[in-house]
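The next block holds one structure in the form of structure tokens; read it before the comments.
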Amino acid sequence: MPWLAASVLAASAYTVGIAAGLSGAKTQWVILTVACCSLLTATVLVWCRSRQQQLEVRRSQSSRPAPEELSPWAMQSTLVDGGDRHLPPYAEGMLRYSDAVVELLEHGVGVALDRGMDSTELAAARDDAAALNHLLTAMAAEPARLDKVAKVHTICSLWEAGQDHVEREVAALDPEFHRRWRARNIAVLRLRHGDRPRREEPALPYQE
Numbered sequence: 017m018p019w020l021a022a023s024v025l026a027a028s029a030y031t032v033g034i035a036a037g038l039s040g041a042k043t044q045w046v047i048l049t050v051a052c053c054s055l056l057t058a059t060v061l062v063w064c065r066s067r068q069q070q071l072e073v074r075r076s077q078s079s080r081p082a083p084e085e086l087s088p089w090a091m092q093s094t095l096v097d098g099g100d101r102h103l104p105p106y107a108e109g110m111l112r113y114s115d116a117v118v119e120l121l122e123h124g125v126g127v128a129l130d131r132g133m134d135s136t137e138l139a140a141a142r143d144d145a146a147a148l149n150h151l152l153t154a155m156a157a158e159p160a161r162l163d164k165v166a167k168v169h170t171i172c173s174l175w176e177a178g179q180d181h182v183e184r185e186v187a188a189l190d191p192e193f194h195r196r197w198r199a200r201n202i203a204v205l206r207l208r209h210g211d212r213p214r215r216e217e218p219a220l221p222y223q224e
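Position one of the sequence shown corresponds to residue 17 (my numbering), numbered consecutively onward.
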């Protein structure tokens with residue numbers, strides 16, 4: 017790293033200056049000290065920034081669909097499906113999950129309005145879920161190109177990240193409805209990523 021090399025060079029010059037007797041001259045000693053400290057500080061800042069950028073890149077890469085997930089569906093950059101739907105497992109799970117979330121948020125908005133509470137956030141979350149559901153429904157109607165599927169995968173991941181918060185809000189408004197909603201949609205919730213439930217993690221609807 018250039019900054020690290022510069023810091024080592026400055027520290028070496030400082031050491032040589034002391035050895036050569038420059039430490040007796042206050043002006044030169046102060047200049048060398050300030051330069052060395054500045055370069056060391058800059059090196060640490062650049063290193064921290066580089067680490068942060070590496071973590072951001074890793075998070076971005078991890079949010080993309082795995083090649084093995086998309087490869088069974090890809091042929092000449094186009095998804096093909098012999099069935100009625102043209103969605104990979106992850107998108108199929110998100111389609112059902114977004115539909116269930118719309119139902120939950122519709123109820124939450126209604127309860128909030130009946131109680132005279134502010135329903136702006138819940139209404140916006142409901143509209144987002146409905147828009148995603150509409151996008152996935154349209155995508156299931158015909159084969160889609162691989163790059164579009166990858167973009168939709170990222171959109172679904174970002175959308176899902178905020179669902180725990182809005183679900184807790186609806187649970188606070190109507191705990192009984194929320195409990196029944198989770199019980200009815202237990203399979204949808206567990207299969208929203210297209211994965212099979214793990215046998216070593218059994219759960220009853222009222223324990224989810």
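We put the CB at the ideal spot given by N, CA and C, even for glycine.
Run through the DSSP bridge pairs and tell me what residue i is partnered with.
i, result
"residue 198", "Answer by DSSP bridge pairing: none, since residue 198 is not bridged."
Between which two residues does the alpha helix (DSSP H) carrying residue i extend?
i, result
"residue 169", "162 to 177"
"residue 134", "Premise fails: residue 134 is in no alpha helix (DSSP H) and is neither H nor E."
Determine the direct distance from the alpha carbon of residue j to that of residue i, and round the result to whole angstroms.
i, j, result
"residue 181", "residue 152", "23 Å"
"residue 188", "residue 195", "11 Å"
"residue 148", "residue 57", "46 Å"
"residue 72", "residue 65", "11 Å"
"residue 109", "residue 177", "15 Å"
"residue 162", "residue 193", "39 Å"
"residue 124", "residue 113", "16 Å"
"residue 172", "residue 179", "11 Å"
Please go through the same chain and pick out, in chain order, the residues whose beta-carbon is closer than 6 Å to the beta-carbon of residue i, but skip the five residues on each side of it.
i, result
"residue 129", "135"
"residue 111", "152"
"residue 207", "109"
"residue 120", "186, 197"
Buried or exposed, going by whether 16 or more other CB atoms sit within 10 Å of the CB of residue i?
i, result
"residue 59", "buried"
"residue 104", "buried"
"residue 53", "exposed"
"residue 145", "buried"
"residue 132", "exposed"
"residue 197", "buried"
"residue 225", "Because residue 225 is not part of the residues shown, which for the chain are 17 to 224, the question remains open."
With a threshold of 8 Å on Cβ separation, who are the neighbours of residue i within its own chain once the five nearest residues in sequence on each side are excluded?
i, result
"residue 215", "In this prediction, residue 215 scores a pLDDT of 49, lower than 50, which makes its location untrustworthy; the coordinate-derived value is nonetheless stated afterwards. Same-chain partners within the cutoff: there are none."
"residue 138", "121, 124, 125, 128, 182, 185, 186"
Leaving out five residues before and five after residue i in sequence, what residues of the same chain have Cβ atoms less than 7 Å from its Cβ?
i, result
"residue 61", "none"
"residue 201", "116"
"residue 209", "106, 109"
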